[in-house]
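Engineer: My numbering puts the first residue of the sequence shown at -19, with every later residue one more than the last.
Here you go, one structure.
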Amino acid sequence: MRQWQMLKMIPRHPSKVSPDELVHRLAESGFNVYARKIQRDLVFLSELFPIDCDKRNKPYGWYWSTDVHAMDVPGMGSHTALAFFLAEQHLAPLLPNSTSRQLQPHFKTAAKVQDSTHSGKAGWRDKVRVLHSGPDLQTPAIDPDVQYQVYDALLHNRKLQVQYVPKQEQDPKQYEINPLGLVFKDSMSYLVCSMWDYADIRLLTLHRMVEAKALGIPARSPEGFDLDSYIASGELRFAVGGDIKLKALISSNLAFHLGERPLSDDQTIEGQEDDLMLLHATVQDTNELRWWLLAFGDQVEILKPVELREQFAEIASNMNDRYNSPE
């Protein structure tokens, strides 16, 4: 039992652990043993498992080989393997590279378990897919070193110096930023941050960063900043204003859709003449809302707010002119 526990405490290369560190960790787990005994155990276990010792510098450190599959006692079950498969598909791209590398052996073990299991769960990865609405836009490429530096600065609460190409510009600009949070939305990676010593919050996309360097300076967080509150404010949905009372005539097809997935807690839909339905809902006024409403074309007629109706009328008029203009 002690030796199994010890194997779990040995990290994967390039990390390592010394016999003295193992003595301390084992003592915390209730195993009292001296360093010489640990050393003999390690030599013995190295003949059975792919663990090795780095003897270049003292204290010597032991580690697992990088390419070994994850090992646990008891072994990984089919339910755990399924969870790791889903994590690899949907979480791995969001994790720091170092974390993803540490999880690779678990992902490989999960694949082996699923391949060798003859229950229905074994075929789960061939039977489940996650899709997103809208066109299948390609994910912008992010420089791996930029991603590493951003994640490292965020993890250790350090300032970050970046070369960043602003939207609709050609040349990068240099900023010193305080990373506050990462938000992943529609295949885009957004860094929520402040710049220099200013308190206003900015959004930078990682794929527009040409260079990034984590600095050895503690980052400064604006007083009272909370990532969830910032998201709730609508900034990542490109807020135009506060809440509005939306009133619109909608088609029966759209009414059915909104009956299953309401716009808001106070949404109501009432029947009208000509197979139209009257929608009432309190919603956040954002550009995303406008894009979503426009996507339904003539299935939606905005009644209120008046300003929003006028904007949609202008858009419809411009579209009519464009589609009916002589070629």
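Beta carbons: idealized from backbone N, C-alpha and C, even for Gly.
Just so it is clear, the structure is predicted and the values come from calculations on it, not from any experiment.
#1: I need the DSSP call for GLN291, collapsed to helix, strand or coil.
#2: Excluding the 5 residues flanking ARG(-18) on each side, which residues of the same chain have their C-beta closer than 6 Å to its C-beta?
#3: Could you have a look at LEU71 and say whether DSSP puts it in helix, strand or coil?
#4: When the Cα atoms are used, what is the spatial distance from LYS38 to HIS86?
#5: Would TRP44 be called buried (16 or more neighbouring beta carbons within 10 Å of its own) or exposed?
#6: For VAL53, I'd like the list of residues in its chain whose CB is within less than 8 Å of its CB, leaving aside the five on either flank, ordered along the chain.
#7: For the beta strand (DSSP E) that PHE164 lies in, which residues bound it at each end?
#8: Rounding to the nearest angstrom, what Cα-Cα distance links GLU287 and TYR131 in this structure?
#9: Would you tell me roughly how many angstroms separate the C-alpha atoms of HIS70 and ASP123, rounded to the nearest one?
#10: Leaving out five residues on either side along the sequence, give the residues of the same chain with a beta carbon under 7 Å from the beta carbon of GLY196.
#11: Classify GLU156 as buried or exposed, calling it buried when 16 or more other Cβ atoms lie within 10 Å of its own Cβ.
#12: Which residues does DSSP list as the beta-bridge partners of THR262?
#13: In the DSSP assignment, find the beta strand (DSSP E) that holds TYR43 and state where it starts and stops.
#14: Quick one: grab the DSSP three-state call for GLU27.
#15: In angstroms with no decimal places, state the Cα-to-Cα distance between PRO120 and GLY251.
Structural biologist: This is what the structure holds:
#1: In the sequence shown, counting from the first residue as 1, residue 291 sits at position 311. GLN291 falls in the helix class under three-state DSSP.
#2: For the purposes of this step, residue -18 is identified with residue 2 of the sequence shown, where counting begins at 1. If we look at ARG(-18) and ignore the five residues flanking it on each side, its Cβ neighbours are PHE11.
#3: On the sequence shown, position 91 is the one that residue 71 refers to. Reduced to three states, the DSSP call for LEU71 is coil.
#4: To locate residue 38, count along the sequence shown from 1; it is residue 58. To locate residue 86, count along the sequence shown from 1; it is residue 106. Taking the straight line joining both Cα atoms gives about 30 Å.
#5: Residue numbering aside, residue 44 sits at position 64 when the sequence shown is read from its first letter. With 16 or more other Cβ atoms within 10 Å, it is buried.
#6: Locating residue 53 in the sequence shown gives position 73, where the first residue counts as 1. Bear in mind that the predicted position of VAL53 carries a pLDDT of just 43, short of 50, making it unreliable; the figure below should be weighed with that in mind. TRP(-16), listed in sequence order.
#7: Start at 1 with the first residue of the sequence shown, and residue 164 comes out as number 184. Element bounds for PHE164: 153 to 165.
#8: Sequence index remark: in the sequence shown, residue 287 carries index 307 (1-based). Sequence index remark: in the sequence shown, residue 131 carries index 151 (1-based). Their Cα atoms are separated by approximately 42 Å.
#9: Residue 70 sits at position 90 when you count from the first residue of the sequence shown. Residue 123 sits at position 143 when you count from the first residue of the sequence shown. Whole-angstrom Cα-Cα distance: 20 Å.
#10: Translated into the one-based positions of the sequence shown, residue 196 becomes position 216. Excluding residues within five positions, the ones whose Cβ falls inside 7 Å are ARG138.
#11: To locate residue 156, count along the sequence shown from 1; it is residue 176. Counting Cβ neighbours within 10 Å, GLU156 comes out exposed, since fewer than 16 surround it.
#12: Residue 262 sits at position 282 when you count from the first residue of the sequence shown. Paired residue(s): LYS225.
#13: Here the question's residue 43 lines up with position 63 in the sequence shown. TYR43 -> beta strand (DSSP E) spans 41 to 44.
#14: Translated into the one-based positions of the sequence shown, residue 27 becomes position 47. Coil.
#15: For the purposes of this step, residue 120 is taken as residue 140 along the sequence shown, with counting starting at 1. For the purposes of this step, residue 251 is taken as residue 271 along the sequence shown, with counting starting at 1. Taking the straight line joining both Cα atoms gives about 44 Å.
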